[in-house]
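Data first, discussion second: the structure below is written as structure tokens.
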Amino acid sequence: MAFPVRAVGRRPVDADGRRRCRWTAGDPLLIDYHDREWGRPIGDDAGHLERMTLEVFQCGLSWRIVLVKRPALRDAFRDFDPPAVARLTAADVGCLLRHPGIIRNRRKIEATIENARRMLTLAAEHGSYARWFAAQATTTARQRAALFDQLCRTFRFMGPETARCYLMGCGKIRPAHDRGCFAASGGRR
Numbered sequence: 059m060a061f062p063v064r065a066v067g068r069r070p071v072d073a074d075g076r077r078r079c080r081w082t083a084g085d086p087l088l089i090d091y092h093d094r095e096w097g098r099p100i101g102d103d104a105g106h107l108e109r110m111t112l113e114v115f116q117c118g119l120s121w122r123i124v125l126v127k128r129p130a131l132r133d134a135f136r137d138f139d140p141p142a143v144a145r146l147t148a149a150d151v152g153c154l155l156r157h158p159g160i161i162r163n164r165r166k167i168e169a170t171i172e173n174a175r176r177m178l179t180l181a182a183e184h185g186s187y188a189r190w191f192a193a194q195a196t197t198t199a200r201q202r203a204a205l206f207d208q209l210c211r212t213f214r215f216m217g218p219e220t221a222r223c224y225l226m227g228c229g230k231i232r233p234a235h236d237r238g239c240f241a242a243s244g245g246r247r
């Protein structure tokens, strides 16, 4: 069921009277993600693994597909609990490749498992991955570049664009809201 959208000038206005980023396209699932999650800080390791995994699985696909499959991804990846995901084996990968509800891409599945292991390494050194992530400064261009580089070197399937989207999604760098989007000025529900 589509969320009604009416055009006002060049910017769409959704049925609730708010202007949003065009990528939401009046879709309730995308609108909910945009309004409630995108650009919000994440405080725990499972939340970070979930966000990173969603960004990895989104590569080459629409964000809507990933959000539709999100409940199955949560189930398949043990609610994104890093220790549980890190324990997944090659046999588990085989089972996941047959899971009808998820995006069945071997490289992305294996990257998620390896990324959980790498998060655990950082967590062991810093108390938690979330603590390590929160301590990373992004005030200057040099700091942002260093964090991009660190993410790309540390995690699998994490290129510059995926790293940028992950950082925006976590609120570490300012999300690129469309001009006129109510959230561009910090307005949120």
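For the sequence shown, the working numbering gives the first residue as 59, with consecutive numbering after it. Every residue, glycine too, gets a C-beta built ideally from N, C-alpha and C. Please read all numbers here as calculations on a predicted model, not as lab measurements.
For this session: Identify which residue in R164, M177 and A144 has its Cα closest to the Cα of V151.
Result: The shortest Cα separation from V151 among R164, M177 and A144 belongs to R164.
Exercise. Would you say G159 and A130 are within 8 angstroms of each other, going by their C-beta atoms?
Worked result: It is a contact, given that the beta carbons lie within the stated cut-off.
For this session: Assign V143 to one of two classes, buried (16 or more other C-beta atoms within 10 Å of its C-beta) or exposed (fewer than that).
Result: The residue is buried, with at least 16 neighbouring Cβ atoms inside 10 Å.
Exercise. Applying the criterion that 16 or more other CB atoms from any shown protein chain within 10 Å of the CB defines a buried residue, is E108 buried or exposed?
Worked result: It is buried - the Cβ of E108 has at least 16 other Cβ atoms within 10 Å.
Exercise. At what residue ranges does the stretch 145 to 181 contain a whole run of the beta strand (DSSP E), taking only runs of 3 or more?
Worked result: List check, beta strand (DSSP E) in window: nothing returned.
For this session: Indicate whether at least one CB of chain C lies closer than 8 angstroms to the CB of L112.
Result: In summary, chain C is missing from the structure at hand, where a single protein chain is found.
Exercise. How do the stretch 173 to 180 and the stretch 198 to 205 stand: do at least 3 beta-carbon pairs fall below 8 angstroms, yes or no?
Worked result: With contact defined as three or more Cβ pairs closer than 8 angstroms, the stretch 173 to 180 and the stretch 198 to 205 are not in contact.
Exercise. So I171 packs on L146, CB below 8 angstroms; how close in whole Å?
Worked result: Between I171 and L146 a beta carbon distance of about 5 angstroms is seen, short of the 8 angstroms cut, so the two are scored as contacting.
For this session: With a threshold of 16 other CB atoms inside 10 Å of the CB of G118, please say whether the residue is buried or exposed.
Result: Exposed.
Exercise. When the Cα atoms are used, what is the spatial distance from A242 to C79?
Worked result: Going by the C-alpha atoms only, they are around 9 angstroms apart.
For this session: Determine the burial state of P62: buried for a count of at least 16 other Cβ atoms within 10 Å of its Cβ, exposed for fewer.
Result: Unreliable positioning characterises P62 in this predicted model, as indicated by a pLDDT of 40, which lies under 50. The coordinate reading is nonetheless provided below. Label assigned to P62: exposed.
Exercise. From which residue to which residue does the alpha helix (DSSP H) around L119 run?
Worked result: Where L119 is concerned, there is no enclosing alpha helix (DSSP H), given that its DSSP letter is neither H nor E.
For this session: State buried or exposed for F240, treating a residue as buried only when at least 16 other CB atoms are found within 10 Å of its CB.
Result: Buried, since its Cβ has 16 or more Cβ neighbours within 10 Å.
Problem set entry | Given D93 as reference, the closest of D103, D72, A199 and D133 once Cα atoms are compared | It is D72 whose Cα lies nearest to the Cα of D93.
Exercise. Does the Cβ-Cβ distance between G97 and G238 come in under 8 angstroms?
Worked result: Against a cut-off of 8 angstroms, the Cβ pair of G238 and G97 comes out as no contact.
Exercise. Terminal residues of the continuous alpha helix (DSSP H) containing F213?
Worked result: Per DSSP, F213 belongs to no alpha helix (DSSP H) and is neither H nor E.
For this session: Counting only the same chain and skipping the five closest in sequence on each side, list residues whose C-beta sits under 8 angstroms from that of L88.
Result: Annotation for L88: W81, T82, W121, R122 and L125 place their beta carbon closer than 8 angstroms to its own, counting only its chain and skipping 5 residues before and after.
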